Structures are given as C-alpha cells and as structure tokens.
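Undergrad: Using this note's numbering, you'd call the opening residue of the sequence shown number 39 and step up by one each time. Next up is a structure, given as structure tokens.
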Amino acid sequence: VQSLELINEVILKMVTIIMNLAPYGVFALLTKAMAELGLDLIWSLLGYVAVLIGSLAFHFFITMMIVLKLFSGLSIKTFLAKMREVQIFAFSTSSSNATIPITLRTVTKRMGVNNSVASFTVPFGATINMDGTAIMQGTATIFIANIYGIDLGVTEYLTVILMSVLASVGTAGVPGVGLIMLSMVFAQVGLPIEGIGLILGVDRILDMLRTAVNVGGDAAVTAIVAKSEEKMDVAIYNDPAAGTKDVFDGHIDEDNEREFSQVFSDGIMGSEYDDIDRRR
Ligand code: ASP
Numbered sequence: 039v040q041s042l043e044l045i046n047e048v049i050l051k052m053v054t055i056i057m058n059l060a061p062y063g064v065f066a067l068l069t070k071a072m073a074e075l076g077l078d079l080i081w082s083l084l085g086y087v088a089v090l091i092g093s094l095a096f097h098f099f100i101t102m103m104i105v106l107k108l109f110s111g112l113s114i115k116t117f118l119a120k121m122r123e124v125q126i127f128a129f130s131t132s133s134s135n136a137t138i139p140i141t142l143r144t145v146t147k148r149m150g151v152n153n154s155v156a157s158f159t160v161p162f163g164a165t166i167n168m169d170g171t172a173i174m175q176g177t178a179t180i181f182i183a184n185i186y187g188i189d190l191g192v193t194e195y196l197t198v199i200l201m202s203v204l205a206s207v208g209t210a211g212v213p214g215v216g217l218i219m220l221s222m223v224f225a226q227v228g229l230p231i232e233g234i235g236l237i238l239g240v241d242r243i244l245d246m247l248r249t250a251v252n253v254g255g256d257a258a259v260t261a262i263v264a265k266s267e268e269k270m271d272v273a274i275y276n277d278p279a280a281g282t283k284d285v286f287d288g289h290i291d292e293d294n295e296r297e298f299s300q301v302f303s304d305g306i307m308g309s310e311y312d313d314i315d316r317r318r
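Here it is as structure tokens:
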C-alpha cells in the first residue's frame, strides 16, 4: 500500500510538472504554427471557436429541444427555464460530474421526475452522454486536418463521427478530459497529436460551454425517459415555482450568523491562531 501511495505521489508530481510546463509548450507550438501559417492561424482559430459555439447552441436549442418535444411533448420553455441553474453551475465548474447533485435536484424537485428514473439516468448520463464533447471532437478534428492540409474523404468523415461518439463516451465528466480523448480520434484519422496543442489555448471557455450542453442532454433524456415510463409528475413540471422553496437562499438564521461572524472576526484578528501557537 505504501509503495502504491508513493507511485501515486510521483504521478501527481509528474502531472503538476507537465501542467506547469503546458503554457510554455502551447506558446512554442503556436509560435511555430504562426511562423509557418502567419496570422491566418488566429483567424482560423477564431473561426473554429465561432463554428463550435454555433454548433453547440444549435444542438442544444434546436436539435435537443425538437427531440424533447417530439418524444415527450413537454414544454420547451419550461425546460429551458428550469435548466438555467444547472447550466450555470456546469458552465462555471466545467464538470458534468460535479453538477450531478444539481441536475438530480432539478429533475426530481423541479421537473417532477421520479427518483427511480433520475438516480439512474443522471449519473449514467453525466458519465457517458457527452453531446457537447462529441461535437467539439468532431469540429476540432476537421479544423486540425484543414490546418495541416490533410484531405479527409467520406470514409474519414464517417470515422471521425464514430470515433468522436466513442471518445466522448470514454470522456470523464471532469474539466479538460475531452481534449485528452481527442488524441484517440486523431490517432484513428492519422492526424498529428501535437495539433491538439493549437486548440489548447482556447479550450478553457469551450470546455465550459460544452459541459453546459452535456448536462442539458442528460436532463433532456431523463425527462423523455421519465415521461415515456410514466414516472413523471407533469403538474410539478408545469409549475414554475416547483422545487424553488427548498433552495438555499444564502441566508443563515440570525443566531448562526452572529456566531459565524464572531468566529470569522476572531480568525481574522488571529486570536485563534495565537492560541494555537501559544499552546504549541
Ligand atoms: N468537461 C466536460 C464535462 O465534464 C468533459 C470534457 O469535454 O472535457 O462534461
């Protein structure tokens, strides 16, 4: 056990070193690519970002909402309104997994989905259903192939679609993993792995956006399954105020608040730490 812990520590140290070096690596890769391709690269990168944001928005607001309406008949407007909190959380954490509790609460308390469905579909969806990530991986592969002047035929396009879906299934719901899994798609299509470095710089914000789409898919599918299995209380779904009352509003009761501020100010004044120091 001790040796496993040591190996774990070594690997963590290695990851930290690599993460610290990454910005310099990306800088070097971008410098090399820009020297070869000129400022056009910046425009292409902006194009990639714009296409990806457009595709993610189209997928979430059009495709997914049509699917929701078609298979469940539920109101799109209500769904979007109730999903806002989940998506803001997913956007700010870039992690489907970290968003599971919020997604679960929203679909059960605010949309009326029975827990027997939600407790299966939400964690399952957060692990394997990544629409946004698959879209990013497909778009990125085509973008990098263009940059390197590699022609993709119909077979390659089909491979990209298949591999992006598989890679997104294998992607863990934590920040940035979609980009790592992209190497699997690149390897299949024969693209140079260092191409990933080119999009690393803009991936932070795109990760936030695709995670919001990923969790949107999880909730939409949960609603569809619950509705078709008759495990949904439609009255709760249609009630705009449902499930809002037990939301923590950031207000703690007054006694607690006083106690908290006392402890907090003691902490700031350092008296607690002084005590500990003195005791030492
Ligand atoms: N951050 C994404 C998620 O948690 C995964 C990824 O695409 O990197 O859903």
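Using N, Cα and C, we set each Cβ at its ideal position, and we do this for glycine too. All of these numbers come straight from a predicted model, not from anything done at the bench.
(1) Suppose you measure from the CA of A95 to the CA of V39; what does that come to, to the nearest Å?
(2) Please report the Cβ distance between L220 and I234, rounded to the nearest whole angstrom; I am assuming they are in contact, meaning their Cβ atoms lie under 8 Å.
(3) Helix, strand or coil for V223, going by three-state DSSP, please let me know.
(4) May I have a chain-ordered list of the beta strand (DSSP E) segments no shorter than 3 residues that lie completely inside the segment 133-196?
(5) In chain order, what residues of the same chain lie with their CB nearer than 7 Å to the CB of G254, ignoring the 5 residues before and after it?
(6) For I49, count the other beta carbons within 10 Å of its own beta carbon; 16 or more makes it buried, fewer makes it exposed. Which is it?
(7) What residue from T54, V89, K51 and N58 has the CA that sits closest to R248's CA?
(8) Where T141 and S202 are concerned, what is the direct C-alpha to C-alpha distance, given to the nearest angstrom?
(9) I need the straight-line Cα distance from V87 to T177, nearest angstrom please.
(10) Hey, how far is the Cα of S266 from the Cα of A279?
(11) Cα-Cα, which of A273, A258, A164 and V207 is closest to K107?
(12) Here's a check: name, in chain order, each residue in its chain whose Cβ is nearer than 6 Å to the Cβ of F224, leaving out the five neighbours to either side.
(13) For T260, name the three-state secondary structure that DSSP assigns.
(14) With C-beta atoms as the reference, is L217 less than 8 Å away from L204?
(15) Out of K115, T144 and S157, which has the shortest C-alpha to C-alpha gap to A10?
(16) Leaving aside the five residues before and after D256 along the sequence, list all residues of the same chain whose C-beta is less than 8 Å from its C-beta, in chain order.
(17) Comparing alpha-carbon positions, which option in S157, D189 and S130 lies nearest P213?
(18) Report whether the distance from the Cβ of N167 to the nearest heavy atom of ligand 1 is below 7 Å.
(19) Apart from the five residues just before and just after T171, which ones in its own chain have a Cβ nearer than 7 Å to its Cβ?
(20) Exposed or buried, which one is Y275 when buried takes at least 16 other CB atoms within 10 Å?
(21) Return the Cβ separation of I185 and L244 in integer angstroms, given the expectation that the two are a contact with Cβ distance under 8 Å.
(22) Considering only the beta carbon of each residue, do K269 and S154 sit closer than 8 Å?
(23) Can R122 be considered in contact with ligand 1, in the sense that its beta carbon sits closer than 7 Å to one or more heavy atoms?
(24) Would you list the residues sitting across from M270 in a DSSP beta bridge?
(25) Which residues neighbour ligand 1 when neighbourhood means a C-beta less than 6 Å away from any of its non-hydrogen atoms? List them by chain order.
(26) Please return the same chain residues whose Cβ sits closer than 8 Å to the Cβ of L77, not counting the five positions on each side in sequence.
(27) How would you label M57, buried or exposed, when you count the other beta carbons within 10 angstroms and need 16 or more for buried?
(28) Of the residues P61, V53 and L44, which one's Cα is nearest the Cα of D241?
TA: With the given structure in hand:
(1) 47 Å
(2) 6 Å
(3) In the structure shown, V223 sits in a helix (DSSP, three-state: H, G or I).
(4) none
(5) Residues of the same chain with a CB within less than 7 Å of the CB of G254, apart from the 5 flanking positions on each side, are F98, M102, M121 and Q125 in chain order.
(6) exposed
(7) V89
(8) 25 Å
(9) Rounded to the nearest angstrom, the two C-alpha atoms are 10 Å apart.
(10) 24 Å
(11) A258
(12) I231
(13) Reduced to three states, the DSSP call for T260 is helix.
(14) no
(15) There is simply no residue 10 to check, as the chain begins at 39 and stops at 318 in what is shown.
(16) S134, T141, T159, V160, G163, A164 and N167, listed in sequence order.
(17) Closest option to P213, judged by alpha-carbon separation, among S157, D189 and S130: S130.
(18) no
(19) S206, T209, G216, R248 and N252
(20) buried
(21) The pair is not a contact, with the Cβ atoms about 17 Å apart (cut-off 8 Å).
(22) yes
(23) no
(24) V151
(25) Every residue passing the under-6 Å Cβ criterion appears here: S132, S133, S134, M168, T171, T209, G211, V212, P213, G214, V215, G216, D245, R248, T249 and N252.
(26) none
(27) Flag for M57 reads exposed.
(28) P61
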